[in-house]
Amino acid sequence: MLPAFHVNLHGSHERRPCKFFIYDMGDNTKGAYAPDQRGYYGRFGGAYIPELLRPCVEELRRNYEQITNSPDFESEFKQLLKDYVGRPTPLFLAERFSEHYGVKVYLKREDLCHTGAHKVNNTIGQILLAERLGKKRIIAETGAGQHGVATATVCALKGIQCIVYMGEKDIERQAPNVKRMKMLGAEVRPAMSGSRTLKDATNEAIRDWINNPADTHYIIGSVVGPHPYPDMVARFQSVISKEMKAQLKEQTGKENPDAIIACVGGGSNAAGAFYHYLDDLDTRLIAVEAAGLGVDSGETAATSVIGSEGIIHGSRTLLMQNAEGQIEEPYSISAGLDYPGIGPLHAHLIASGRAEAVSITDEEAIKAAFFLSRQEGIIPALETAHAFAAMDHIKYGSDDTIVINLSGRGDKDLGTYIDYFDKYVGK
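And the structure:
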């Protein structure tokens, strides 16, 4: 059975599980790396949706810019980011890590956000939007559990019903976050189909939205899905790069680093870290994917390397699929990176050459996590550990300044790290 919202563009068979409505909103392009009015980044993006979801997505498209640009929204959003989330997050010069690599490396400390990751920047924005749209019920999908926790958190803050879909496999390997969601009052519903991971949780959330369109808002956690979600999530996360510019100016005398490194599954933390640098071509943008057991192993999530163009979960992007358009199941040790596609913004950045893609194996990510812990006293999330491992794969000059977006902390992954203690810590 095909996942919801999936269309093959290159296989021998084109199969559609439901009838699609494709938006055509004109050709007014706002910039080289911004979406046009139809939600396309170059040839990627758009809104490929079943007709039953047309009213929901149209309501968002028609209202989100007007609402989010209003003075009362901006005021409450900024206040909650400051007083509730704890922004601005620090930009930390990792001196011992820098000395090891012979280059100046700063860490954008999104792990210090309330809930332990960058995800809450977006959920704050979307819960305020949902309130203003009169929605009484929130649904979400989650892989590593950080978006689920962030969604449950803002729903508790606002007293709104919360249902989080999570793959059965991810529920097992991210048990601490499942308990956190339930403690916050959310109902966690397992996705039992397919690989029982993030893709399948997204499918279930979409089915729920189709069945409950009037009173429900779907808080998508990454820069994926039909327009306007990729643009909307990127805007809410852009606070990361906005702060980064000011902090770099204060600490180094210049706003722009030579390179920014961020992990990419769907890609929300990378979108936020890259956002205000998209048109600054002197700053390298490095997107780090999960190679799993190896790019050619058949157990990987390196979409930019082995993916091809197709449509999944409402947008045209790069995704892992076979010649007949069936989704190839992704694999990564990190629950937040084993998604079979990437957001359309990242697909465009990589296809156009604006961003560089690096693929990191499970073993490399684990090694990087233990190394960072010993060097800087920071235990990163498994997803973020992939970004640190990229330092062994990229070229740079000794005078360069590099920023790594430390998107989440590793508390949730301690169970996995414990499995590697004998190798990296000792008995």
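Per my numbering, residue 592 is the first one in the sequence shown, and the count goes up by one each step.
Note that the Cβ used here is the ideal one computed from N, Cα and C, for glycine as well.
Predicted, not measured: the structure shown is a model, and the values here were computed from it.
Residue i, enclosing beta strand (DSSP E) - first and last residue
i	result
alanine 782	778 to 782
isoleucine 969	Segment: none, isoleucine 969 is in no beta strand (DSSP E) and carries neither H nor E.
isoleucine 801	Here isoleucine 801 belongs to no beta strand (DSSP E); instead the alpha helix (DSSP H) covers 789 to 802.
alanine 850	850 to 854
Neighbour-count burial assignment, residue i, 16 or more Cβ in a 10 Å radius
i	result
glycine 988	exposed
histidine 904	buried
methionine 823	buried
asparagine 802	exposed
alanine 980	buried
alanine 766	exposed
tyrosine 631	buried
tyrosine 614	Low local confidence applies: a pLDDT of 37 at tyrosine 614 is under 50, so the model's placement there is unreliable, with the coordinate-based value given in what follows. It is buried - the Cβ of tyrosine 614 has at least 16 other Cβ atoms within 10 Å.
aspartate 663	exposed
arginine 687	exposed
isoleucine 1009	exposed
methionine 774	exposed
Beta-bridge pairing of residue i - partner residues as DSSP gives them
i	result
tyrosine 809	Ile730
lysine 699	Leu682, Asn996
glutamate 947	Ile877
threonine 952	Gly883
glycine 636	Tyr631, Arg907
cysteine 753	Ile729
alanine 708	Gly999
7 Å CB neighbourhood of residue i in its chain, flanking five on each side removed
i	result
glycine 707	Gln737, Gly999, Arg1000, Asp1002
threonine 894	Glu880, Leu909, Leu910, Met911, Pro931, Gly932, Ile933
Of the listed residues the options, nearest to residue i (C-alpha basis)
i	options	result
arginine 965	Glu667, Pro931, Gly637, Ala685	Ala685
lysine 833	Gly1006, Ile751, Pro681, Ala777	Pro681
glycine 739	Asp887, His709, Glu920	His709
isoleucine 985	Glu967, Tyr1008, Val886, Ala878	Ala878
valine 779	Gly633, Thr793, Ile762	Ile762
phenylalanine 962	Val949, Ala946, Asp983, Ala948	Asp983
valine 815	Glu846, Ala850, Glu795, Gly856	Gly856
isoleucine 970	Glu841, Asp1004, Asn802, His867	Asp1004
arginine 629	Arg652, Thr659, Pro641, Cys647	Arg652
alanine 850	Tyr697, Asp799, Lys669	Tyr697
alanine 782	Val886, Ala948, Thr992, Thr733	Thr733
alanine 1057	Glu915, Phe827, Ser899, Lys790	In the structure displayed, the chain extends from 592 to 1018; residue 1057 sits before or after that span and is not available.
proline 819	Ser689, Thr793, Asp1013, Ala638	Ala638
tyrosine 624	Leu940, Glu947, Ala978	Leu940
threonine 659	Glu841, Gly844, Thr992, Gly716	Gly716
alanine 976	Thr952, Thr992, Asp991, Ile993	Thr952
Nonlocal neighbours in the same chain, by C-beta distance under 6 Å from residue i, ignoring five residues either side
i	result
alanine 938	Phe635, Thr908, Leu909
glutamine 752	Arg728
lysine 760	Arg787, Thr788
leucine 643	Ile801
glutamate 890	Gly883, Leu884, Tyr922
Contacting residues, own chain, Cβ-Cβ under 8 Å from residue i (five flanking each side not counted)
i	result
alanine 892	Gly856, Glu880, Ala881, Ala882, Gly883, Met911, Pro921, Tyr922, Ser923, Leu928, Asp929, Tyr930, Pro931
tyrosine 1015	Ile957, Lys958, Phe961
leucine 872	Arg945
tyrosine 557	There is simply no residue 557 to check, as the chain begins at 592 and stops at 1018 in what is shown.
Limits of the alpha helix (DSSP H) - the one that residue i falls within
i	result
cysteine 704	That residue, cysteine 704, is in no alpha helix (DSSP H); it is neither H nor E in DSSP.
alanine 837	830 to 843
isoleucine 762	759 to 764
alanine 862	859 to 865
proline 626	It is not in any alpha helix (DSSP H) - proline 626 carries neither H nor E in the DSSP assignment.
serine 666	662 to 671
asparagine 913	Counting along the chain, asparagine 913 falls outside any alpha helix (DSSP H), and DSSP gives it neither H nor E.
leucine 651	645 to 659
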